[in-house]
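Beneath this line is the structure, given in structure tokens, with notes to follow.
2 protein chains.
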Amino acid sequence: MQLFYNSDLSATSKEITFNKEESRHIVRVLRKKEGGILHITNGKGALFFAEIIIGNDKKCVAKIIKTEEKSRTRDYYLHVAIAPTKNNDRLEWFLEKATEIGVDEITPIICKNSERKTVKIERLERIIQSAMKQSLQFTLPKLNEPIKFTDFLNNDFSEEIFIAHCEENNKKKFLKNCATPKSKYTILIGPEGDFSTNEIQLSLKKNFIPISLGENRLRTETAGLNVVQSIAYLHQ
Amino acid sequence: MQLFYNSDLSATSKEITFNKEESRHIVRVLRKKEGGILHITNGKGALFFAEIIIGNDKKCVAKIIKTEEKSRTRDYYLHVAIAPTKNNDRLEWFLEKATEIGVDEITPIICKNSERKTVKIERLERIIQSAMKQSLQFTLPKLNEPIKFTDFLNNDFSEEIFIAHCEENNKKKFLKNCATPKSKYTILIGPEGDFSTNEIQLSLKKNFIPISLGENRLRTETAGLNVVQSIAYLHQ
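Here the protein sequences line up with chains A and B, keeping their order.
Position 120 (the first sequence) corresponds to 112 in the working numbering; numbering is contiguous.
Position 6 (the second sequence) corresponds to -2 in the working numbering; numbering is contiguous.
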């Protein structure tokens, strides 16, 4: 099944007009003709079945014939606040994989040791959209604007909150031993060079729980995906 | 800590001569001088401490002053047999991440639906080596030559064996519900387009246990890393 994405679709939508790129893909690559059925999600939990009424490879139009509300398959909410990696590809890779496995919200955090302090939000949005479509999900993870780590900590956190820092700390537990199933989580992942000691202290003052990701030294994006998969595993 | 790799080092080694690239890195980038200490692993569980005796940026030589045998931190053995992805980057990405998280052996399997039937072993070896160094591990995962899937199935499997295929099967369990901790595992990951029905039948005849990786449709390399992290999680 090939899933399309259009955030404008709602319960009242009657038809959908695809952009040039999508129209070309539908007509030229998928070889869809008038009468053919397409699947589209609005990224807000709805799956639309639409029948092609104009099979034009520059402007394909389809009539919505059926709508399904897809209940979330996950019974938890996961927010990962992660420092952008020096190499863009690594953050983009994290976003693709985290979306495939299951994440609800992502915030790029700019830390003291961050070598990269900006991200291309539109580009990252597209990567998340295509991973959602590819993995056949119907809810688009929320990508927030980058924020300074110290400002991020000023939020009120009512959910379960964890920090994956690399400083020695024999109190560190594995997520599976300190996270409650079916809950809401925010997990902090630091930059190459880790959170600064001051940043760690600030997060501990806000009652973030330090977690261990195992013996090996993990890259930022690997650590990020590691917590996403650990929370998913906790709910299997 | 910066870890170097030299497979020739053994308990009897007295000194090590670095190649041009490494010598340049040590002297120019790390700014190491004669008397400076370097850490080297042979990828067979040993960590060598060596003192630079010739700080030449074309041919750096160091004298081994101490050797530590590093016992494996993992109490299981994981072999992942995975179909090379159509896009090389995705297989390489899997190798890097699987090595970071923890894998012991990898076999590229060529399946009926494999679009890629060859891999560049030397290049993949280098990726595994650099991930081992980066994650501060001292045992190099074993990378086997590619093999036809049907030939691979002719092996005798005494370990716990699992297959992650995408065909509907309500008997599928999650790894955490069917894998025994502290054991030896071989897990099969199929190509884009999945294993063929015939390949699945053959593996079931060999008593491979079908496993579920969750609700979402995962890319080949994501599925591969997913099982590596699930087995790691099982041992946390």
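We put the beta carbon where it would ideally sit given N, CA and C, even for glycine.
Model, not experiment: these values are computed from the prediction.
key: Rounded straight-line distance, which links the Cα of Q193 (chain A) to that of E60 (chain A)   = 47 Å
query = Given that F166 (chain A) touches chain B, what residues does it touch there, using C-beta distances under 7 Å?
reply = Q228
request  = Give me whichever residues DSSP pairs with K58 (chain B) in a beta bridge.
outcome  = B:F41
request  = Keeping to the same chain, check which residues put their C-beta closer than 8 Å to that of K104 (chain B); ignore five residues upstream and five downstream.
outcome  = F141, F187, S188, N190, E191
key: Residues bridged to K176 (chain B) [DSSP beta-bridge criterion]   = B:Y69
ask   = If you scan the stretch 88 to 167 of chain B from start to end, which runs of the alpha helix (DSSP H) of 4 or more residues do you find wholly inside it?
value = 113 to 126, 141 to 144
inquiry  = Given a cut-off of 7 Å on the beta-carbon distance, is the pair K165 (chain B) and Y68 (chain B) in contact?
reply    = no
message = Checking the sheet assignment: what are the DSSP bridge partners for P202 (chain A)?
response = A:I155
query = Could you give the residue range of the beta strand (DSSP E) that holds E7 (chain B)?
reply = 7 to 9
request  = Rank B:V21, B:N11, B:F(-4) by C-alpha distance to the C-alpha of A38 (chain B) and give the top, closest one.
outcome  = B:F(-4)
inquiry  = Quick check: the stretch 2 to 12 of chain B against the stretch 86 to 101 of chain B, are at least 3 beta-carbon pairs closer than 8 Å?
reply    = no
request  = For I44 (chain A), count neighbouring Cβ atoms within 10 angstroms of its own Cβ and tell me buried if that reaches 16, exposed if not.
outcome  = buried
query = Between A42 (chain A) and E92 (chain A), which are expected to be in contact by the criterion C-beta below 8 Å, what is the C-beta distance as a whole number of angstroms?
reply = Contact doesn't hold; Cβ gap of about 25 Å is too wide.
query = List, in order along the chain, the chain B residues whose C-beta lies closer than 9 Å to that of K12 (chain A)?
reply = The premise fails here: K12 (chain A) is roughly 25 Å from chain B at the closest Cβ pair, so nothing lies under 9 Å.
ask   = Using Cβ-Cβ distances below 7 Å, what residues of the stretch 63 to 89 of chain B are close to chain A?
value = T65, W85, K89
key: DSSP state of T4 (chain B) mapped onto helix, strand, coil   = coil
query = Is there contact here, the stretch 74 to 90 of chain A with the stretch 194 to 213 of chain A, by at least three beta-carbon pairs under 8 Å?
reply = yes
key: Residue burial classification, A3 (chain A) (beta-carbon count within 10 angstroms, cutoff 16)   = exposed
message = Can you give me the C-alpha to C-alpha distance between L135 (chain A) and L87 (chain A), rounded to a whole angstrom?
response = 9 Å
key: Burial state of E207 (chain B), where buried means 16 or more other Cβ atoms lie within 10 Å   = exposed
inquiry  = Any beta carbon of chain A sitting closer than 7 Å to that of Y(-3) (chain B)?
reply    = no
task = Give the single residue among A:F40, A:S15, A:I46 whose Cα lies nearest to the Cα of G27 (chain A).
result = A:I46
key: C-beta contact flag for L132 (chain B) and G35 (chain B) at 7 Å   = yes
ask   = Tell me which same chain residues have a C-beta within less than 7 Å of the C-beta of W85 (chain A), skipping the five on either side of it?
value = E213
request  = Could you name the residues of chain B that E207 (chain A) contacts, counting a contact when the two beta carbons are closer than 8 Å?
outcome  = T65
task = In the DSSP assignment, find the alpha helix (DSSP H) that holds L217 (chain A) and state where it starts and stops.
result = 212 to 226
query = So what's T189 (chain A) in DSSP terms, helix, strand or just coil?
reply = helix
task = Identify which residue in A:E184, A:E159, A:R66 has its Cα closest to the Cα of I82 (chain A).
result = Looking at the sequence shown, residue 82 (chain A) is not Ile but Arg. It is A:E184 whose Cα lies nearest to the Cα of R82 (chain A).
ask   = DSSP three-state call for L22 (chain A): helix, strand or coil?
value = coil
task = Let me know the secondary structure DSSP gives K36 (chain B) once reduced to three states.
result = strand
Run of the alpha helix (DSSP H) containing S63 (chain A), from where it starts to where it stops = Segment: none, S63 (chain A) is in no alpha helix (DSSP H) and carries neither H nor E.
query = Can I203 (chain B) and F154 (chain B) be called in contact, C-beta distance under 7 Å?
reply = yes
task = Give the DSSP bridge partners of H31 (chain B), in chain order.
result = B:L(-5), B:F41
query = Any residues in the stretch 199 to 225 of chain A with a beta carbon nearer than 7 Å to a beta carbon of chain B? Which ones, in chain order?
reply = G206, E207, N208, R209, L210, R211, T214, N218, Q221, S222, A224, Y225
query = For the putative contact between F149 (chain A) and K197 (chain A), defined by C-beta atoms under 8 Å, what is the C-beta separation to the nearest angstrom?
reply = About 12 Å separates the two Cβ atoms, so there is no contact after all.
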